[in-house]
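Taking it in order: structure first as structure tokens, then the write-up.
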Amino acid sequence: MTDADPLVESWSPVQVEVMHRLRDWTLAFAALNQHLAAWTRLPASDANALGQIVWAAEAGTPLSPVRLARQIGMTTGATTILLNRLEAAGHVVRSRESEDRRRVTLRPAPAAREHARRFLAVAGTEIADVLRTTPPAELRLVAAFLDRITAAANDAGRHLGVTGAGSADPAPRGSPSAR
């Protein structure tokens, strides 16, 4: 941590541009999540959770309720209530796939997975195209930068006594936040 005051720091144009682009991505991603919520007729928090569950399952790294809570920035209690709603509506299946029978694995129900695929066919092709056409070295550079800026945000949160979505473990390979 440096002694610099971010409000009076002399930022270079590219540093300001990066912060604006991070803000723009955050807003665009939130807007897409709102569209997913409308598409699935779910509250935004439920749609976000369902999206994370679908991505993780597709990547072969299904989530536990605790990991989902970290990824969506909710307490485990609030996440349990959210999962109860998703399960009751037939969107999510909880199973015990580990030898440790206490461990719960979250999977999207087949209809929810198909619904997500239809949404991504409409809303995800442009993002997928950017990811596919960006050279791997550039993607690794961006991922490393995002790791550092996320760690800095987590540190700032810890200084404030806050924990949340940013404090999650790094995203599993193949998940939307790992891509």
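Numbered according to my numbering, the sequence shown spans residues 9 to 187. Beta carbons: idealized from backbone N, C-alpha and C, even for Gly. Model, not experiment: these values are computed from the prediction.
Alpha-carbon to alpha-carbon, LEU154 and ALA46: Roughly 29 angstroms between the two C-alpha positions.
Starting from THR69, trace the beta strand (DSSP E) both ways and give me its first and last residue. First-last for THR69: undefined, no H or E at that position.
Rounded Cβ spacing between PRO70 and THR84 (contact assumed at less than 8 angstroms): Contact doesn't hold; Cβ gap of about 17 angstroms is too wide.
If we count Cβ pairs, one from each stretch, closer than 8 angstroms, do we get three or more for the region 125-137 versus the region 109-117? With the rule of 3 Cβ pairs closer than 8 angstroms, the region 125-137 does not count as touching the region 109-117.
Using the beta-carbon count (16 or more within 10 Å), is LEU35 buried or exposed? The residue is exposed, with fewer than 16 neighbouring Cβ atoms inside 10 Å.
Return the chain-ordered list of same chain residues with a C-beta closer than 6 angstroms to the C-beta of PRO184, the five sequence neighbours on each side being excluded. Residue placement at PRO184 cannot be trusted, given a pLDDT of 47 that sits under 50; the coordinates are not used to answer.
What is the DSSP secondary structure of HIS167, reduced to helix, strand or coil? Of the three classes helix, strand and coil, the one that applies to HIS167 here is helix, per DSSP.
For GLY169 and MET82, what's the separation of their Cα atoms in angstroms? Looking at the backbone, the Cα of GLY169 and that of MET82 are separated by about 15 angstroms.
Starting from the C-beta of GLN60, find all residues in its chain whose C-beta is less than 7 angstroms away, skip the five residues before and the five after it, and write them out in chain order. Setting aside the 5 residues that flank it on each side, GLN60 is surrounded in the same chain by LEU71, LEU76, GLN79, ILE80, each with a C-beta closer than 7 angstroms to its C-beta; the list follows chain order.
In angstroms, rounded to a whole number, what distance separates the CA positions of ALA159 and SER103? Roughly 32 angstroms between the two C-alpha positions.
Span of the alpha helix (DSSP H) holding ASP113? According to the sequence shown, residue 113 is Thr rather than Asp. For THR113, no alpha helix (DSSP H) segment is defined; the enclosing uninterrupted segment is the beta strand (DSSP E) at 113-116.
Could you give the distance in angstroms between the alpha-carbon of ALA57 and the alpha-carbon of PRO21? Inter-residue distance for ALA57 and PRO21 is about 36 angstroms (C-alpha atoms, whole angstroms).
Starting from ARG102, trace the beta strand (DSSP E) both ways and give me its first and last residue. From DSSP, the beta strand (DSSP E) with ARG102 extends over 100-103.
Taking just the CA atoms, how far does GLU25 sit from ARG31? Computed Cα separation, rounded: 10 angstroms.
ASP137, buried or exposed, once every other Cβ within 10 Å from all chains shown has been counted against 16: Result: exposed.
ALA12 to TRP19, Cα distance in whole Å? Rounded to whole angstroms, ALA12 to TRP19 spans 11 angstroms at the Cα level.
Local conformation of TRP19 per DSSP, three classes: Looking at TRP19 - three-state DSSP - the assignment turns out to be coil, as it is neither helix nor strand.
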